[in-house]
């Protein structure tokens, strides 16, 4: 079934994978398409590198892999932020293998000690007279570690690996407001990363995971196991027991179809979307009086109410980010193979908010996004089985038919009902465009 | 169970019960005020103000089992 290069030079074959209301399984199973995604989709989109709060001082750096390419996020002496390709200009070693640190004045490659200023430019090479009369300094080697196009919005640092492509603001458009929604939940308007993200390895294609993020229908069915257990244990507690935050966060996963249908969805250009414009499982968390007071003081009651009233289920910044303004958590998808995806679960502290708010976010992360999460296990089990069963015949299609109408709107920004799979169809339109341009 | 419990024997017993999927017996090993903490970083000092893989009270452990 999989011929080498079945897709690389056959644009029509890729176009044929995505029909208006369904997608062919090769999108999830083909190693060749996975490689093409890295080159055509991920390289041209803007990927999350890190948050400026991770690199507060000049020389501070963090390393990460974007679409299989190792990069370094580093704070410059002039307080700006740079993203460098983590590749020694000499023979291609990674200049640093540390997760984080401070480079001081320069990075130094462990192989031959080539050193680079923190903006990536070549500083010094050993036994330099060996290069006299050669073309070393005049070619790519002499230019040092390459800088990648980067942009910062409310402290979130993004990078685009491809030299050409849409600008940061063109690519995300109005979806950027969802980063503002999280940052505005700080009385000071600023966020800080808490520690490092939790990491999961999900044995499934990244798109299976991403579609689930926009899947409002599955919750009370897939999570019947975990929420049923939570309901049973909670209802057996003595009368008058105050409801723990953990139960408050777990039980809404059992919300039924009627609730989910009213959530509301919004479709944005370039594959971005918001699920839960009207309501979500995060809407009814109990208030923290001290926090509400701080927000009222900072923004005035009307604006504070507006900020705190916006709590979608997930805002998806396609292709790899899912944000929850409440409870200030963010997932980043890092695909590492056609059937293997790392999910990072980040927590942000809104500066000026009481500790109770951040503890709530960390609790949510443990309960729902941790490798030990009983909620996540419900989904991961299903994803694993999809990756296995999709290979079967005679049906090679993944259905996206729910609420599809022939001739439905497929451009621009518009709202849909909460169960409409239009949010998933929107993602595949963006996928198809990126993969065939 | 006597007051003087050999910690190593307890850990082996816990592992034995989990290997055999005897989850209710495993849960019965824990006191009402127990906390089951799986830290994320070796250097972290706090379970709930820093990222942890798990920090469960007996209620959550009951839900898990």
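Residue numbers (our numbering), protein chains in the order written: chain R, 14 to 450; chain P, 7 to 71.
Heads up, the beta-carbon is just placed ideally off N, CA and C, and yes, glycines get one too.
As the structure is a computational prediction, the values presented were derived from the model and not from experiment.
Own chain, CB closer than 7 Å to residue i, minus 5 neighbours either side, in chain order
i                      : result
residue 42 of chain P  : 60, 62 and 67
residue 197 of chain R : 320
residue 33 of chain P  : 67, 68 and 71
residue 38 of chain P  : 64
residue 380 of chain R : 259, 262, 263, 386 and 388
residue 439 of chain R : 280, 284 and 286
Listed by chain order, chain R residues near residue i by CB distance under 7 Å
i                     : result
residue 23 of chain P : Under the 7 Å cutoff, chain R gives no residues; its nearest Cβ is about 18 Å from residue 23 of chain P.
residue 60 of chain P : 379, 383 and 385
Residues near residue i in its chain [Cβ-Cβ closer than 6 Å; skip 5 each side]
i                      : result
residue 367 of chain R : 303 and 304
residue 328 of chain R : 191, 287 and 336
residue 32 of chain R  : none
residue 101 of chain R : 108, 122 and 127
residue 295 of chain R : 324 and 339
residue 201 of chain R : 364 and 365
residue 411 of chain R : 36
Partners in chain P for residue i, counting only beta-carbon separations shorter than 8 Å
i                      : result
residue 209 of chain R : 46, 47 and 57
residue 199 of chain R : The contacting residues do not exist; residue 199 of chain R stays about 17 Å from chain P at best.
residue 375 of chain R : 54, 55, 56, 57 and 58
Per-residue burial, residue i [other beta carbons within 10 Å of its own, 16 or more giving buried]
i                      : result
residue 297 of chain R : exposed
residue 64 of chain R  : buried
residue 51 of chain P  : exposed
residue 29 of chain P  : exposed
residue 14 of chain R  : Only weak support is given to the placement of residue 14 of chain R: the predicted model assigns it a pLDDT of 49, under 50, and the value that follows is read from those uncertain coordinates. It is exposed - the Cβ of residue 14 of chain R has fewer than 16 other Cβ atoms within 10 Å.
residue 391 of chain R : buried
residue 404 of chain R : exposed
residue 285 of chain R : buried
residue 332 of chain R : buried
Chain-ordered chain P contacts of residue i [CB-CB under 7 Å]
i                      : result
residue 372 of chain R : 54 and 55
residue 368 of chain R : 55
Residue-level contact to chain R via CB, residue i, 7 Å cutoff
i                     : result
residue 30 of chain P : no
residue 11 of chain P : no
residue 66 of chain P : yes
Chain-ordered neighbours of residue i on chain P, where CB pairs are closer than 9 Å
i                      : result
residue 360 of chain R : 57
Contacts that residue i makes with chain R (C-beta to C-beta distance below 8 Å)
i                     : result
residue 70 of chain P : 242 and 387
Closer than 7 Å to chain P by CB, residue i
i                      : result
residue 246 of chain R : yes
residue 259 of chain R : yes
C-beta neighbour in chain C for residue i, strict 7 Å
i                     : result
residue 67 of chain R : You won't find chain C in this structure, because its protein chains are R and P.
Beta-carbon contacts of residue i that lie in its chain and below 8 Å, excluding the five residues immediately before and after
i                     : result
residue 89 of chain R : 71, 95, 131 and 132
residue 54 of chain P : 61
Would you be able to state if there are at least three C-beta pairs under 8 Å between the region 178–188 of chain R and the region 412–419 of chain R?
No, because fewer than three Cβ pairs between the region 412–419 of chain R and the region 178–188 of chain R fall closer than 8 Å, the two stretches do not touch.
Does the region 148–168 of chain R come close enough to the region 29–48 of chain R that 3 or more CB-CB pairs lie under 8 Å?
no
Contact the region 202–217 of chain R vs the region 347–356 of chain R: 3+ CB pairs below 8 Å
yes
Touching or not, the region 40–54 of chain R and the region 154–164 of chain R, by the rule of three or more beta carbon pairs under 8 Å?
no
Specify whether the region 267–282 of chain R and the region 420–436 of chain R touch according to this definition: at least 3 beta carbon pairs, one from each stretch, less than 8 Å apart.
yes
Decide yes or no for the touch test of the region 252–270 of chain R against the region 228–235 of chain R: beta carbon pairs closer than 8 Å, at least 3 of them.
yes
Are the region 76–90 of chain R and the region 104–120 of chain R touching by the rule of at least three beta carbon pairs closer than 8 Å?
The region 76–90 of chain R and the region 104–120 of chain R touch, with no fewer than 3 CB-CB distances between them shorter than 8 Å.
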